[in-house]
Structure formats: structure tokens, C-alpha cells
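Numbering (our numbering), first residue to last: -5 to 71.
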């Protein structure tokens, strides 16, 4: 979870992402910042994120992003 907060802070400094619950609907992240976020998450966590995955529910908050990542990471043996 801390890594998610660091990524978000890097993309948009000055926002307390631990308290924000509507990143898309409240226009905290714009479309360019969302592209940066998706790219960072995809690279760091080695997951494929499709346009269908980019929904307000999956990217509403740092917590929902974290849950999305956990659900989409490859199973580890």
C-alpha cells in the first residue's frame, strides 16, 4: 500500500492520497495522470491493465487501486 501512495505522490505531489476516496470523480487525477498511473502500476507490478479495467471502482482511491493490484497479480508458487 505504501508503494501505491508513493506512486500517486510522484504523479501528483501535494495531495493526501491516504484520505482521498474519489480520485476520478473529484477530478483529482486528470486523464494524463491516469495514463501515468496505469503505466507505473503495470510496470512495477507486472500486470496487464486493459481499458476495461480502468473504472472508477478500480481507481477510486489508493485502497481500491491496491485491491485491484492484488486481484490481478499473477499467482506465486
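C-beta atoms are modelled at their ideal positions from N, C-alpha and C, and glycine is treated no differently. Because the structure is a prediction, the values reported are computed rather than measured.
Per DSSP, reduced to three states, the secondary structure at residue 30 is helical. Counting only residues of its own chain and dropping the five nearest sequence neighbours on each side, residue 36 has a CB closer than 6 Å to the CB of 43.
Residue range 56 to 66 is occupied by the alpha helix (DSSP H) that includes residue 57. 8 Å or more divides the Cβ of residue 18 from the Cβ of residue 9.
Beyond the five residues adjoining it in sequence on each side, residue 62 comes within less than 6 Å, by CB distance, of 52 in the same chain, given in chain order.
Under the three-state reduction of DSSP, residue 0 is assigned to helix.
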